[in-house]
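Asker:
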Amino acid sequence: MTDIHRIEHARIGVEDLEAAVSFYTDGLGLVEFEQKDGVVYLGCGRDDNYDVGLIEGETGIEHFAVRATDASVVEEYEQRLEGADVSTERTDGNEPGQEAGVRFSLPSGVAMEVVAVSDDKYQHFEEPKVSRGGQAPADVNHIQFLTPDVVADMEFLRDSVGLKISEIAGSPDDPEIAFARCKTFHHDVALKSSQALGETDNTSLHHLAFGFDSADHLVNFIDSAVNAGCEFERGIGRHHGGNNIYAYIWTPGGNRLELNTQMATLTREEPEISEDYESATVAWGPDAPESFTKGSGLLHKK
Ligand SMILES: [Fe+2]
Ligand SMILES: [Fe+2]
1 MTDIHRIEHA RIGVEDLEAA VSFYTDGLGL VEFEQKDGVV YLGCGRDDNY
51 DVGLIEGETG IEHFAVRATD ASVVEEYEQR LEGADVSTER TDGNEPGQEA
101 GVRFSLPSGV AMEVVAVSDD KYQHFEEPKV SRGGQAPADV NHIQFLTPDV
151 VADMEFLRDS VGLKISEIAG SPDDPEIAFA RCKTFHHDVA LKSSQALGET
201 DNTSLHHLAF GFDSADHLVN FIDSAVNAGC EFERGIGRHH GGNNIYAYIW
251 TPGGNRLELN TQMATLTREE PEISEDYESA TVAWGPDAPE SFTKGSGLLH
301 KK
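Letter by letter, the sequence shown follows residues 1 to 302 of the UniProt record's numbering.
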């Protein structure tokens, strides 16, 4: 029941679809795979799976997915979740390369899928597609959202979906942030309290993160992204939890992206408990800017 690997993709809302697609492809070097039912599917280009689907309208998260080994694991998840009275929906074939999928909601309302994909050779291809820009990210890396109940989402991810909790910051009864992982990378899903640090009370996308091969690759990408019109918000810095190098940008479409490299791996079962959000997330300083309390929203089921 834990044969799931890393985050696979996310669908997010953007205010101006045409402008956002142009930004992600011409500006950032992602590849357009397909347009289907109003969603434009883009990938980093190192495999044939899409990484981000863009939906015109409001901004925010519509769903995210983690990869299962194969369709039989998706089947196991469906049975296990239904046995635990979690309502599920099959999404086989609904998205490019998504051969099998089961969708369900976290207690905060964020939709999650466990999926099997057609290109399962995994991510680490060295030869990018010809159509892919030189600076494009390597792959989607993790997702973070604001939730009114970190504990409820964390326990659901741990007990019903089989993720491990890597780190909790603040009181374990009422954390400021918690990090959950599928396998060994420090986090695939991060849950930030939507109240503890001055945020609003709503569930919302905080950021979708893309991974890079190196700090050089990440820096070159920032040059491209700023040139393509993004708003640079925070960085470059190093997070304490996860040990990764980060930068944060807001895209013209209205969502925050994190750019990430050097994320640590771990195997321990019990989470690290950190004193608070800043001690868990700031290795070098400065602390997060005031704008970091803001998310970009939650989309209802498409
Ligand atoms: Fe999906
Ligand atoms: Fe992050």
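Backbone N, C-alpha and C fix where the C-beta goes; we use that ideal spot for every residue, glycine too.
On the three-state DSSP scale, how would you describe E82?
Answerer: helix
Asker: If you scan the segment 52-98 from start to end, which runs of the alpha helix (DSSP H) of 4 or more residues do you find wholly inside it?
Answerer: Runs found: 71-83.
Asker: Does the beta-carbon of E258, which I'm using as the reference point, lie nearer than 7 angstroms to any heavy atom of ligand 2?
Answerer: Relative to ligand 2, the nearest heavy atom lies less than 7 angstroms away from the CB of E258.
Asker: Return the CA-CA distance between I143 and L163, expressed in angstroms with no decimal places.
Answerer: Answer to the nearest angstrom: the Cα atoms are 14 angstroms apart.
Asker: With a Cβ-Cβ cutoff of 8 angstroms, do G29 and V40 count as a contact?
Answerer: no
Asker: Apart from the five residues on each side of it in sequence, which residues of its chain come closer than 6 angstroms, Cβ to Cβ, to V219?
Answerer: Counting only residues of its own chain and dropping the five nearest sequence neighbours on each side, V219 has no CB closer than 6 angstroms to any other CB.
Asker: Would DSSP call N243 helix, strand or coil?
Answerer: N243 sits in coil when the DSSP states are folded into three classes, being neither helix nor strand.
Asker: Out of D16, E8, Q35 and L42, state which residue places its alpha-carbon closest to the alpha-carbon of Y24.
Answerer: For Y24, the nearest C-alpha among the options comes from L42.
Asker: Consult DSSP for V14 and reduce its assignment to one of helix, strand or coil.
Answerer: strand
Asker: Which residues neighbour ligand 1 when neighbourhood means a C-beta less than 5 angstroms away from any of its non-hydrogen atoms? List them by chain order.
Answerer: A65, E95 and E113
Asker: When you measure from the CB of A190 to every non-hydrogen atom of ligand 4, does any distance come out below 7 angstroms?
Answerer: Ligand 4 is not part of the structure shown, which contains ligand 1 and ligand 2 as its ligands.
Asker: Measuring from the CB of Q35, is there a heavy atom of ligand 2 at a distance below 7 angstroms?
Answerer: no
Asker: Count the other CB atoms within 10 Å of the CB of H5; is the residue buried (16 or more) or exposed (fewer)?
Answerer: buried
Asker: Pull up the DSSP beta-bridge partners for W250, would you.
Answerer: E231 and R256
Asker: Would you say the beta carbon of Q262 is closer than 7 angstroms to some non-hydrogen atom of ligand 2?
Answerer: no
Asker: State whether the segment 169-186 contacts the segment 269-285, with contact taken as three or more CB pairs (one from each stretch) at a distance under 8 angstroms.
Answerer: yes
Asker: What is the rounded straight-line gap between the Cα of I249 and the Cα of L257?
Answerer: 5 angstroms
Asker: Just verifying my parser: in three-state terms, what is the DSSP assignment at F185?
Answerer: strand
Asker: Here's the rule: buried if 16 or more other CB atoms are within 10 angstroms of the residue's CB, otherwise exposed. What is Q79?
Answerer: exposed
Asker: Let me make sure I understand the geometry here. Which of H63, Y77 and E62 has the alpha-carbon closest to that of T69?
Answerer: Y77
Asker: Is any heavy atom in ligand 2 found nearer than 7 angstroms to the beta carbon of A209?
Answerer: Using a cutoff of 7 angstroms, the CB of A209 counts as near ligand 2, since one of the ligand's heavy atoms is closer than that.
Asker: Between the Cα of A84 and those of D159, V73 and R103, spot the shortest distance and give me the residue it belongs to.
Answerer: Checked all of D159, V73 and R103; the closest Cα to A84 is D159.
Asker: S166: which of G253, K183 and D174 sits nearest, CA to CA?
Answerer: Among G253, K183 and D174, the Cα nearest to that of S166 belongs to K183.
Asker: Evaluate the contact criterion for the segment 5-17 versus the segment 53-66: three or more CB pairs, one atom per stretch, below 8 angstroms.
Answerer: yes
Asker: What number of angstroms, rounded off, separates the C-alpha of T91 from the C-alpha of M112?
Answerer: 11 angstroms
Asker: Could you tell me the alpha carbon to alpha carbon distance between V102 and E62, rounded to whole angstroms?
Answerer: Whole-angstrom Cα-Cα distance: 15 angstroms.
Asker: Could you tell me the boundaries of the alpha helix (DSSP H) in which T281 lies?
Answerer: Y277 to T281
Asker: Pairs of beta-carbons, one from the segment 189-202 and one from the segment 134-141, closer than 8 angstroms: are there three or more?
Answerer: The way I'd put it, the segment 189-202 doesn't touch the segment 134-141; fewer than three beta-carbon pairs between them come closer than 8 angstroms.
Asker: Hey, how far is the Cα of V110 from the Cα of A152?
Answerer: In this model, V110 and A152 are separated by some 12 angstroms (Cα to Cα).
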